[in-house]
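Below is one structure, written out as structure tokens, with a few remarks after it.
Chains as they are written, first to last, in the working numbering: chain H, 1 to 319; chain E, 1001 to 1217.
Here it is in structure tokens:
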């Protein structure tokens, strides 16, 4: 119970941190501009007001800790799609696939940016989804809203096949080849949210990406709990596929598990079935740990035991 | 154990379901280009735009650009903005510069941060500036003050490559040398005339014109 709550808290805090970083990066656009144009807080205040002066001054002071503020500021930038933090590039695996499909080659820096996301996926599975993805924070709050309103309204919880998001991945790749890579703004929820934040803060406009965000939110609200994360987002599917044999995942103590209990299956936002030792697509969000009555679930090293099967039930279901 | 454990393994039914959902997802995504038909994007298709410095030919640029927005983010001049749907789906999220509103100062910060080499890496030196090909300035003598007998010369003073891309004659009459002009648009932004007497013809239009010329000949 406790560890599950802790994981949930960490995931929420880290995603809020990611959103804060995105907002800060968008604000950097103004900082670059003010720094080049005025390079003095008083002039900034005269031209853009007190708030601008405060933001300018504080970011100037913060960046000065690491050296020449302008040079330091240039080391970070970008959105969720491709981002540089303190000079380290991070590349979205879907962006890499898209470039590969269209261009058949990678730049070195671009390819190096894949190291961290891919190794995270290899070791922990889909942790991106519940610890980094800013869109999943939105969908998480919608799932809480569903829970809150469930006594009043009926919210369906659809289950469809995973093939759907593979289809979206292939469709997106072909559209990227046909049009350009910008098409992903409309397909990937976290890219849409990055674009919305950037457009809102840096240029003060509404992005078309807001439209697709509204669509995803309504899918989540009216079709199923975290429907977008589960069945729509191609990145989540890809990361889940990469991390399907991740060494760190959810573990079940089968001796303590109750036969009649289904609570972990019901609560899982990714429709993982920890009860049946099935952990593909697990994003280690900790929801199941909070509900398991005998506390037989834990996060740990994947055991080498065979997946849970009941031959009789299985033959029945496939007939 | 009333529930079936993992129904999605090694049965023909689940494979059929997988393929069905796959096709459904593929089809749903391929419907996306219909968004161009929506009234929200039914504005005039803007084609007169400049790409940031370091951009190669339009086709190559679109092939490389992943619409990450890092160039717009780092631009200290705030001249780079990102496209919405106003220029069609293929330009979504890609950078553009509107020279009359805010021209490029050729600081080359954007070329340094581009992760995919859609913008070739250039230095903010004279050599780096000469390598830029964003378009070509074209002067309309009918509109220009200097050609109407009033000396102006503002565009010449704004030019980052004075003496090469632009020279100045009698009554400060500007002369653009197309082979040296990089198309940064500073002259267009500086022009005191409304509408501007000097304009940048973007590289895309030059390419299209060259293409249609070869088709005719």
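Ideal Cβ placement from N, Cα and C applies to all residues, glycine included.
Using CA atoms only, rank isn't needed, just tell me which of the options is closest to residue i.
i: residue 60(H); options: 36(H), 183(H) and 5(H); result: 36(H)
i: residue 185(H); options: 57(H), 92(H), 74(H) and 8(H); result: 92(H)
i: residue 1025(E); options: 31(H), 171(H) and 4(H); result: 171(H)
i: residue 199(H); options: 294(H), 9(H), 64(H) and 78(H); result: 78(H)
i: residue 195(H); options: 111(H), 50(H), 264(H) and 135(H); result: 135(H)
i: residue 280(H); options: 244(H), 15(H) and 162(H); result: 244(H)
i: residue 40(H); options: 28(H), 29(H) and 54(H); result: 54(H)
i: residue 210(H); options: 138(H), 299(H), 168(H) and 175(H); result: 138(H)
i: residue 121(H); options: 260(H), 240(H), 70(H) and 22(H); result: 240(H)
i: residue 251(H); options: 276(H), 197(H) and 167(H); result: 276(H)
i: residue 7(H); options: 303(H), 302(H), 288(H) and 294(H); result: 288(H)
i: residue 1058(E); options: 180(H), 57(H) and 63(H); result: 180(H)
i: residue 1036(E); options: 208(H), 229(H), 301(H) and 218(H); result: 208(H)
i: residue 150(H); options: 222(H), 282(H) and 302(H); result: 222(H)
i: residue 155(H); options: 144(H), 161(H) and 164(H); result: 144(H)
i: residue 1067(E); options: 1190(E), 1079(E), 1088(E) and 1083(E); result: 1083(E)
i: residue 1184(E); options: 1168(E), 1014(E), 1052(E) and 1038(E); result: 1052(E)
i: residue 112(H); options: 29(H), 89(H), 169(H) and 81(H); result: 89(H)
i: residue 38(H); options: 1060(E), 1077(E) and 1016(E); result: 1077(E)
Below 9 angstroms on C-beta distance, what does residue i contact in chain E?
i: residue 33(H); result: 1075, 1076, 1077 and 1078
i: residue 297(H); result: Those do not exist, as residue 297(H) stays about 16 angstroms from chain E at its closest Cβ, beyond 9 angstroms.
i: residue 84(H); result: 1070, 1113 and 1115
i: residue 28(H); result: 1073 and 1074
Given that residue i touches chain H, what residues does it touch there, using C-beta distances under 9 angstroms?
i: residue 1017(E); result: 160, 161 and 163
i: residue 1106(E); result: Neighbours of residue 1106(E) on chain H: none; closest Cβ ~13 angstroms, over 9 angstroms.
i: residue 1094(E); result: 180, 181 and 182
Run down chain H in chain order and give the residues with a C-beta less than 7 angstroms from the C-beta of residue i.
i: residue 1090(E); result: 179 and 180
i: residue 1024(E); result: 164 and 167
i: residue 1057(E); result: In chain order: nothing, as chain H lies at least about 14 angstroms away.
Could you have a look at residue i and say whether DSSP puts it in helix, strand or coil?
i: residue 1095(E); result: strand
i: residue 267(H); result: helix
i: residue 1171(E); result: helix
i: residue 251(H); result: strand
i: residue 1049(E); result: coil
i: residue 116(H); result: helix
i: residue 1111(E); result: helix
i: residue 66(H); result: coil
i: residue 1212(E); result: helix
i: residue 1057(E); result: coil
i: residue 43(H); result: helix
i: residue 93(H); result: helix
i: residue 1042(E); result: Note that residue 1042(E) scores 48 on pLDDT, short of 50, meaning its location in the model is unreliable and no value can be drawn from it.
i: residue 1176(E); result: strand
i: residue 1160(E); result: coil
i: residue 1013(E); result: helix
i: residue 1135(E); result: strand
i: residue 240(H); result: helix
i: residue 77(H); result: strand
Thinking C-beta only, is residue j closer than 8 angstroms to residue i?
i: residue 1203(E); j: residue 1102(E); result: no
i: residue 1131(E); j: residue 1200(E); result: no
i: residue 269(H); j: residue 297(H); result: no
i: residue 267(H); j: residue 291(H); result: yes
i: residue 1166(E); j: residue 1155(E); result: yes
i: residue 1065(E); j: residue 1118(E); result: yes
i: residue 1095(E); j: residue 1106(E); result: no
i: residue 1071(E); j: residue 1114(E); result: yes
i: residue 126(H); j: residue 264(H); result: no
i: residue 160(H); j: residue 1029(E); result: no
i: residue 1160(E); j: residue 1186(E); result: yes
i: residue 213(H); j: residue 192(H); result: yes
At a CB-CB cut-off below 8 angstroms, which residues of chain E make contact with residue i?
i: residue 321(H); result: Outside the shown range of chain H, which is 1 to 319, sits residue 321(H), and nothing can be said about it.
i: residue 74(H); result: 1074, 1109, 1112 and 1113
i: residue 240(H); result: Within 8 angstroms Cβ-Cβ: nothing; residue 240(H) doesn't reach chain E, min ~13 angstroms.
i: residue 89(H); result: 1115
i: residue 20(H); result: Result: empty, since nearest Cβ-Cβ is about 16 angstroms, beyond 8 angstroms.
So which residues of chain E does residue i contact, with C-beta pairs closer than 7 angstroms?
i: residue 95(H); result: 1066
i: residue 79(H); result: 1068 and 1069
i: residue 228(H); result: Under the 7 angstroms cutoff, chain E gives no residues; its nearest Cβ is about 13 angstroms from residue 228(H).
List the residues of chain H that residue i touches, going by C-beta distances under 8 angstroms, in chain order.
i: residue 1030(E); result: 171, 174 and 175
i: residue 1085(E); result: 208
i: residue 1054(E); result: Per Cβ cutoff of 8 angstroms: no residues; residue 1054(E) is ~14 angstroms from chain H at best.
i: residue 1081(E); result: 203
Would the beta-carbon of residue i be found less than 7 angstroms away from any heavy atom of the ligand COA?
i: residue 71(H); result: Among the components of this structure there are no ligands whatsoever, and the ligand COA is therefore not found.
Counting only Cβ-Cβ distances shorter than 8 angstroms, please list the residues of the region 1060 to 1074 of chain E near chain H, keeping chain order. 1062, 1063, 1064, 1065, 1066, 1067, 1068, 1069, 1070, 1072, 1073 and 1074
Mind checking the region 97 to 116 of chain H against chain E and listing, in chain order, the residues whose C-beta falls within less than 8 angstroms of any C-beta there? 98, 99, 102, 103, 107, 109, 110 and 113
Along the region 185 to 198 of chain H, where does the CB come closer than 9 angstroms to a CB of chain E? Name the residues. For the region 185 to 198 of chain H, the set of positions with a beta-carbon nearer than 9 angstroms to some beta-carbon of chain E reads 185, 186, 187, 191, 194, 195 and 198 in chain order.
What are the residues in the region 1138 to 1166 of chain E lying within 9 angstroms of chain H by C-beta distance? None of the residues of the region 1138 to 1166 of chain E has a beta carbon lying less than 9 angstroms from any beta carbon of chain H.
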